[in-house]
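Under the numbering used here, the first residue of the sequence shown carries the number 4, and numbering increases by one thereafter.
For reference, the structure discussed in these notes is given below.
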Amino acid sequence: MSNLMGRNEYARHRNCSPSAVTKAMKSGRIEAAVQRDAAGNFVGINAALADQLWTSNTDPELALRTTPSAAPEIIPPPATPRGNEGDEFLVARARRENYAANTAELDYLEKIGRLTNVEDVRDENFMLWRELRDKLLNIPDRISTILASEREPVRCHDLLTREIKRVLNERADAAAAAATEGTAEREAA
4 MSNLMGRNEY ARHRNCSPSA VTKAMKSGRI EAAVQRDAAG NFVGINAALA DQLWTSNTDP
64 ELALRTTPSA APEIIPPPAT PRGNEGDEFL VARARRENYA ANTAELDYLE KIGRLTNVED
124 VRDENFMLWR ELRDKLLNIP DRISTILASE REPVRCHDLL TREIKRVLNE RADAAAAAAT
184 EGTAEREAA
């Protein structure tokens with residue numbers, strides 16, 4: 004025996020209006036259960052599959068708000084056990100809402116300057132470390148003649164230490180200035 008029903012018959016089976024069935028078909032909630040012929044004309048609705056699709060693709064909260072209250076004895080039994088009704092839809096909706104909230108938060112953080120592009124940070128770090136390396140490698144060029152004239156190892160050590168500290172302090176001062184500048188820009192935004 005065929006499990007196919009017409010729109011009106013399926014509406015009576017679901018205890019809803021035929022327009023609700025048409026709306027469910029057009030929105031795609033039960034379209035997989037709709038049988039069509041080669042020309043694309045409506046043949047019938049596979050009731051068992053449509054019941055499953057209707058339950059899993061319908062927001063239970065919205066259904067309760069939009070379905071007129073009916074006497075308990077004429078409400079058809081749920082297609083799935085109580086507690087699982089609409090779980091797939093709720094999980095998908097929660098996932099979508101979570102994604103939207105995370106995206107909005109990231110957009111906000113980027114706009115106020117608390118979030119930056121990873122590539123920009125990598126490029127900036129590369130330039131900072133390259134600059135530090137170059138400055139450290141230039142120390143011998145700057146003080147080699149002074150060191151050559153020194154005879155005391157302690158004096159040579161002091162000159163090298165002082166020059167290395169000077170380069171590192173310059174880098175630290177530049178980093179502090181950049182951090183302060185970034186804070187002022189974020190506060191201005």
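C-beta: ideal position from N, C-alpha, C; glycine also.
Minimum C-alpha distance to Arg-174 - residue among Asp-137, Ser-59, Lys-29: Here residue 174 refers to the residue found at position 171 of the sequence shown. The residue with the shortest Cα to Cα distance from Arg-174 is Asp-137.
Under the three-state DSSP convention, the category Leu-118 falls into: In the sequence shown, counting from the first residue as 1, residue 118 sits at position 115. Looking at Leu-118 - three-state DSSP - the assignment turns out to be coil, as it is neither helix nor strand.
7 Å CB neighbourhood of Asn-11 in its chain, flanking five on each side removed: Numbered from 1 along the sequence shown, position 8 holds the residue referred to as residue 11. Cβ within range, chain order: Pro-21.
Beta-bridge partners of Arg-39, as assigned by DSSP: Position 36 of the sequence shown, counted from the first residue, corresponds to residue 39. The partner list for Arg-39 (beta bridge, DSSP) reads Phe-45.
Where Trp-57 falls, given that 16 or more other Cβ within 10 Å makes a residue buried: To locate residue 57, count along the sequence shown from 1; it is residue 54. With 16 or more other Cβ atoms within 10 Å, it is buried.
Identified DSSP bridge partners for Leu-52: Residue numbering aside, residue 52 sits at position 49 when the sequence shown is read from its first letter. In the DSSP output, where bridge partners are listed per residue, Leu-52 has none listed.
Assigned exposure category for Arg-158 - 16 Cβ within 10 Å defines buried: For the purposes of this step, residue 158 is taken as the residue at position 155 of the sequence shown. Arg-158 should be labelled exposed.
Inter-residue Cα distance where the pair is Pro-63 and Gly-47: Counting from 1 along the sequence shown, the entry for residue 63 is found at position 60. Counting from 1 along the sequence shown, the entry for residue 47 is found at position 44. Distance between the alpha carbons of Pro-63 and Gly-47: 25 Å.
Length of the line joining the Cα atoms of Asn-172 and Leu-112: By 1-based counting over the sequence shown, the position of residue 172 is 169. By 1-based counting over the sequence shown, the position of residue 112 is 109. When rounded, the distance between both Cα atoms is 31 Å.
Start and end residues, alpha helix (DSSP H) containing Arg-17: Within the sequence shown, residue 17 is the residue found at index 14, counting from 1. Arg-17 -> alpha helix (DSSP H) spans 10-17.
Residue(s) in a DSSP beta bridge with Leu-7: What you label residue 7 is simply residue 4 of the sequence shown in a count that begins at 1. BP columns for Leu-7 point to Asn-49.
Beta-carbon proximity check, Ala-14 vs Val-24, cutoff 7 Å: Taking the first residue of the sequence shown as 1, we reach residue 14 at position 11. Taking the first residue of the sequence shown as 1, we reach residue 24 at position 21. Yes; because the gap between Cβ atoms is below 7 Å, this pair is in contact.
Beta-carbon proximity of Asn-18 to Asn-49, cut-off 7 Å: Along the sequence shown, one-based indexing puts residue 18 at 15. Along the sequence shown, one-based indexing puts residue 49 at 46. Their beta carbons are not under 7 Å apart, which means Asn-18 does not touch Asn-49 by this criterion.
Same chain only: Cβ atoms within 8 Å of Glu-155, ignoring 5 sequence neighbours per side: Within the sequence shown, numbered from 1, the residue matching residue 155 stands at position 152. Same-chain partners within the cutoff: there are none.
Length of the line joining the Cα atoms of Glu-91 and Arg-99: Counted from its first residue, the sequence shown places residue 91 at position 88. Counted from its first residue, the sequence shown places residue 99 at position 96. Looking at the two C-alpha atoms, the distance is approximately 12 Å.
Three-way DSSP call (helix, strand, coil) for Asp-203 in this model: An answer regarding residue 203 cannot be provided, because it is not within the stretch 4 to 192 covered by the chain.
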